[in-house]
Amino acid sequence: MQQSNILFRDFKAGDVIFRQGEDGNCAYIIEEGRVQISLEKNGDSFPVSIMGVGEIFGEMAILDGLPRAGTARCMEDTRLCVVSSDQLYNRIHQSDSVVRLLVLLLIKRTRSMNAKLVSSLQSAGSDTGSDEGGQPGEGKSAINEVRFEIELHKAFQEREFRLHYQPIVDMKNSEILGFEALIRWNSPTLGPMRPDLFMKVAEESSLIVPLGRWIQETAIADLKKIEAATGRSFFMSVNVSGRQFMDPAYLKNLEEIRQRYGATTEQLKLEITERIFIDGARAIEMVEQCRQLGYGISLDDFGTGYSSLSYLKNLKVSNLKIDQSFTRGANSDPRSHALVKCMVQLCKDMRIESVAEGIETEEMAKAMREMGCQYAQGYLYARPQALDDLLKFLGAGSQQSAA
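Here is the structure:
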C-alpha cells in the first residue's frame, strides 16, 4: 500500500524494538514473527514472555504515561503494525468509564507484578519464558481496523469525501422544501464505501469532529449555491454525531460557518439520534441552546431506539423522522401501519412535524398522506444527488415539484 511505511515496520531477528525505561509513543500489533519481552535490572535481562501473531504490546507506556516496562526484541524477522498513541488513547478514553478504570488498574497490577517478578528471578537466577502465542484472527481484525482508520484520515486529507443531497418534500403537493446532506466516499483503493461503516469508524476516532465540521460547512455553502441558482429559499438538514454535538466548540463553530455564508438558523435542521442522550443533562442542554438560537432539531431514526417516548417528553424537537423500517410496510403490513399511524398522531398532538423516510412507491406515499404525515423523502421523489446533478434536476429558476 502507498502508506505502508506509516502503517508497518519491519525488523530483523535480534533487533531491539524498544528498551525498558524509554518513553512510549506507539504500540504494536504483530503481523508476522515473534517478539520476546524481557525485564531488566542491574544489567541482567529476564525474558518473561514470547508474543506471536495477533498480539499487541507497548500499550502500557501510552495509557499510563510511564516509561516502557520492558525491552522488546525480535526473535525472528518480524513485521509490526504501528498503532499511534492518539489512536490507542482515543479508543480507550472514549470507552465506558468503568472500562477505562479496569484497563488502568490492570496496567498498574501488571507493572507491580513485573517488578516482583524481576526481584524473584534475580534472586533465584532464573531464566524463564512463556510462549503463549496469539489469536491471529483477532490480530488480523485489529490490523484491518487500524489500516481502515488510517485510510479514512488519508481520505479526509486528500478531499475524497463528497456530499449528495436528497430532496425533502411536502406530502400534499410534492413540492421540494429542503434537502438532507448525505456523505459519500468512493475510495481510490477500496472502492465505494458504505456511509454507516466508515462514519462509525470516524465516530470512534478523532476524525469525526473535523469531518463533521467539513460536512456542515460544505452543506451550508451548497445551500446558498442552490438558492442562488433557483431563486428560492430552502432548508438544509445535516446529520450530527454524538461526539461532534457534545464537542465544546460545536455551537461556536456552527454559528461562525452559518454567519459567514449568510444562512439563517431557521434554514438549518440538525439531525440527531437517541444515542446522543447517553450524555444525559449535557445533551439536553445542548439541544435547548440550539433551539433558542433558532436551529431546527430533528430526531432521526425514530422508533428504532429504546427510549424514544421519554426523549420526546423531555425534548423540544422540531420534527421527527419516521424510520424507513416502519414506512416500508405502512401500506402492506397491518402492524407497521398501526405503528406509523400512532407516530404520526403523536407528532400532531405534540405539534412536531413528521417526516417519512424511505418512500419508494406511490402506494407508500398515499398511505402516509392518508395518515396525515407532513413531509417525506425517498426514491419516489429523488435519489441523493451531487450538487451539479441536483441543480440540473431542480431546473434553475423554476417552481419545483418532485412529482
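The numbering used here puts the first residue of the sequence shown at 12, with every later residue one more than the last.
Using N, Cα and C, we set each Cβ at its ideal position, and we do this for glycine too.
The DSSP assignment places 319–325, 335–338, 345–361 and 373–382 as complete runs of the alpha helix (DSSP H) inside the stretch 317–393, in order along the chain (cut-off: 4 residues). Counted as a single uninterrupted DSSP element, the alpha helix (DSSP H) harbouring proline 221 occupies residues 219–241. Between the alpha carbons of alanine 292 and lysine 359 lies a distance of about 26 Å. A Cβ-Cβ separation of about 5 Å places methionine 382 in contact with lysine 352 under the 8 Å criterion. Note on valine 366: 16 or more other CB atoms within 10 angstroms of its CB, so buried under the neighbour-count rule.
In the structure shown, the three-state DSSP call for threonine 284 is coil.
Residue range 37–43 is occupied by the beta strand (DSSP E) that includes tyrosine 39. In this structure, DSSP gives tyrosine 176 an extended state, which the three-state scheme calls strand.
Across the structure, glutamate 169 and aspartate 55 are spaced so that their CA atoms are roughly 49 Å apart.
Taking the Cα positions, phenylalanine 256 is about 20 Å away from histidine 164. In this structure, glycine 305 keeps its C-beta atom at 7 Å or more from the C-beta atom of phenylalanine 246. The three-state reading of DSSP puts methionine 297 in helix, counting H, G and I together. Taking one beta carbon from each stretch, the stretch 23–31 and the stretch 83–91 have 3 or more pairs nearer than 8 Å; the two touch. With respect to the 7 Å criterion, asparagine 250 and glutamate 282 are classified as neighbours on the basis of their beta carbons. Glycine 76 counts as exposed, since fewer than 16 other C-beta atoms from the protein chains shown sit within 10 angstroms of its C-beta. Between the stretch 36–48 and the stretch 61–70, the count of C-beta pairs closer than 8 Å reaches three or more; the two stretches touch. Excluding sequence positions up to five before and after aspartate 312, its CB lies within less than 8 Å of the CB of Thr284, Glu285, Lys332 and Asp334, all in the same chain and listed in chain order. Here tyrosine 272 is not near alanine 239, since their CB atoms are 7 Å or more apart.
Lysine 211 sits exposed, since fewer than 16 C-beta atoms from the chains shown fall within 10 Å of its C-beta.
One alpha carbon belongs to methionine 375, the other to glycine 389, and they sit about 10 Å apart. Per DSSP, phenylalanine 245 lies in no alpha helix (DSSP H) and is assigned neither H nor E. Glutamate 160 counts as buried, since no fewer than 16 other beta carbons sit within 10 angstroms of its beta carbon.
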